[in-house]
Amino acid sequence: MNTLSTIPSVLRVQNLELAYGDNPILKGVSLELRRGEVISLLGPSGSGKTTLLRAVAGLEQPHAGQIEIAGQAVFNGQTGVEVPAEGRNLGLVFQSYALWPHKTVFDNVAYGLKLRKTTTKDIHDRVSDALKNLGLAHLAERFPHQLSGGQQQRVAIARALVYNPPVILLDEPLSNLDAKLREEARAWLRELIIKLQLSALVVTHDQGEAMAMSDRILLLNGGKIEQQGTPTEMYSHPTSLFAAGFMGTNNTFKGRIEERGEDGICIRIGEHPLWGRQRGTSSGPAGGEATGVIRVERVKLADGPGRNRLPMDLVTSMYLGDRWEYVLDNGQTMVRAHGAEPLPAGPRWVEIPPEQLWVFA
Ligand SMILES: Nc1ncnc2c1ncn2[C@@H]1O[C@H](COP(=O)(O)OP(=O)(O)OP(=O)(O)O)[C@@H](O)[C@H]1O
Ligand SMILES: [Mg+2]
86 MNTLSTIPSV LRVQNLELAY GDNPILKGVS LELRRGEVIS LLGPSGSGKT TLLRAVAGLE
146 QPHAGQIEIA GQAVFNGQTG VEVPAEGRNL GLVFQSYALW PHKTVFDNVA YGLKLRKTTT
206 KDIHDRVSDA LKNLGLAHLA ERFPHQLSGG QQQRVAIARA LVYNPPVILL DEPLSNLDAK
266 LREEARAWLR ELIIKLQLSA LVVTHDQGEA MAMSDRILLL NGGKIEQQGT PTEMYSHPTS
326 LFAAGFMGTN NTFKGRIEER GEDGICIRIG EHPLWGRQRG TSSGPAGGEA TGVIRVERVK
386 LADGPGRNRL PMDLVTSMYL GDRWEYVLDN GQTMVRAHGA EPLPAGPRWV EIPPEQLWVF
446 A
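Per the working numbering, the sequence shown starts with residue 86, numbered consecutively.
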């Protein structure tokens, strides 16, 4: 059986540093993409996702670190190795599809192969294959303006796949699609990547998309990797307040550390104690500031007072289609919770299960 560590890596980035002028953007980023794996690069706007992808592609110049593709060094800040973009054999899909408007779908996909002096028969076979894989065979003779947004985006992906690159890099490939199409597209894109046994590094700033599409997620924060792991690890075991806040939909409580016990930490929210589990690496002194985080779907409503319950006013019930969302307020904190039916406005008890409350102090 293949354990993860015996699967060869197709892309290895080590301690990559890159600055624009004297503005550092990547501050020592390392990652490893294994064959057949999909990694999502997630992070807020400006965190360096596109810059990292462009550096891997050879479109930006780092000043330190190393990049290896399929075992070959393509950048090494120490030895000065720097393979130009066209020598890196990567498939690239950028946010704007940038199709050639006056070329047919077939010619758009064939263009790069023609530049590489591939034979006519080979071009025909490879383009036909790529179009078939993306469900575009019947559109080969159309021009880009005769396609829907979703179809144009598939052409851009076909164009990247036609070289059989060992690694494809996709920068927000689905961001031009509307919400419904986007959900469908992430399912087929993942299926396609697996079917063709590609390895992919996909940039997104949508955490739902990252969780649905990838084997692993790298969360970038200010040019550094904040945390990496499987979607489940990232969702269930965030190691910092930033990671907890970025993944999932949360309720947040600002309070002070009251005491530490055998199986938890107690924070005071106004006059109410709330027990939770300490998360993160630091641990402040009693009386210090602390933040409690709980996923919206973990909050419960209760009939009366009790341990880890806060009195709050239910302000409104909102229908989300598959469930109801309750908005509760106590003048200082707003809490959201989910349930199966609408509830009348009025006083309630909000229960925060201690094992579900993560305390960062
Ligand atoms: N050519 C450039 N010259 C100078 N600064 C740049 C250049 N390109 C990007 N930056 C800066 O580098 C930082 C990282 O940008 P980058 O495009 O990598 O962010 P991102 O994570 O892709 O964000 P988004 O989610 O908005 O696409 C930003 O502060 C940006 O302003
Ligand atoms: Mg970007």
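Yeah, the Cβ is synthetic: ideal placement off N, Cα and C, and Gly gets one too.
Below 8 Å CB to CB, which residues in the same chain sit around residue i once its five sequence neighbours on both sides are set aside?
i	result
G307	K112, S132, G133
E294	S125, L259, R267, R271
R239	L219, G220, L221
T70	Nothing about residue 70 can be reported from this structure: the residues present for the chain run from 86 to 446 only.
H148	E102, L103, A104, G162
F191	V212, L216, A225, E226
Assuming residue i and residue j make a contact with CB atoms under 8 Å, what is their CB distance in whole Å?
i	j	result
V178	P229	Not really, about 15 Å apart at Cβ, beyond 8 Å.
G365	I354	Actually they are not in contact, since the Cβ atoms of G365 and I354 sit about 19 Å apart, beyond 8 Å.
A446	I379	15 Å between Cβ atoms; not a contact.
V444	R362	7 Å
T136	V288	Wrong, their Cβ atoms sit about 10 Å apart, outside the cutoff.
I154	R119	The pair is not a contact, with the Cβ atoms about 13 Å apart (cut-off 8 Å).
Taking its Cβ as the centre, do 16 or more other Cβ atoms sit within 10 Å of residue i, making it buried, or is it exposed?
i	result
R433	buried
D348	exposed
M403	exposed
G128	buried
D256	buried
E122	buried
L175	buried
N193	buried
D388	exposed
M86	At M86 the pLDDT is 46, less than 50, meaning the model places this residue with poor confidence and gives no usable figure here.
W360	buried
P427	exposed
Shorter than 8 Å from the beta carbon of residue i to some beta carbon of chain B?
i	result
M296	Among the chains of the structure shown, chain B does not appear; only one protein chain is present.
In the DSSP output, which residue or residues are listed as bridge partners for residue i?
i	result
W448	This structure cannot speak to residue 448, because the chain is shown only from 86 to 446.
R341	R353, E374
K112	E102
I154	L96, Q157
R301	I124
S284	V252
R380	N335
L118	L96
K309	N306
Suppose the cutoff is 7 Å on Cβ atoms and the five residues either side in sequence are ignored; what does the same chain contact list for residue i look like?
i	result
A430	L399, V400, T401
S368	A446
G372	R341, I342
A243	V194, A215, L216, L219, L221
M298	V123, S125, R271, L274, R275, V287
Output needed for residue i: all residues of its chain with C-beta closer than 6 Å, excluding positions within five of it in sequence on either side, in chain order.
i	result
I447	Because the chain spans 86 through 446 in this model, residue 447 falls outside it and cannot be assessed.
E344	C351
Runs of alpha helix (DSSP H) wholly within the segment 232 to 261 (minimum 4 residues, chain order):
Runs of the alpha helix (DSSP H) spanning 4 or more residues and lying entirely within the segment 232 to 261 occur at 234 to 246, in chain order.
Minimum length 3: unbroken beta strand (DSSP E) runs contained in the segment 386 to 433
List check, beta strand (DSSP E) in window: 394 to 404, 409 to 414, 419 to 424.
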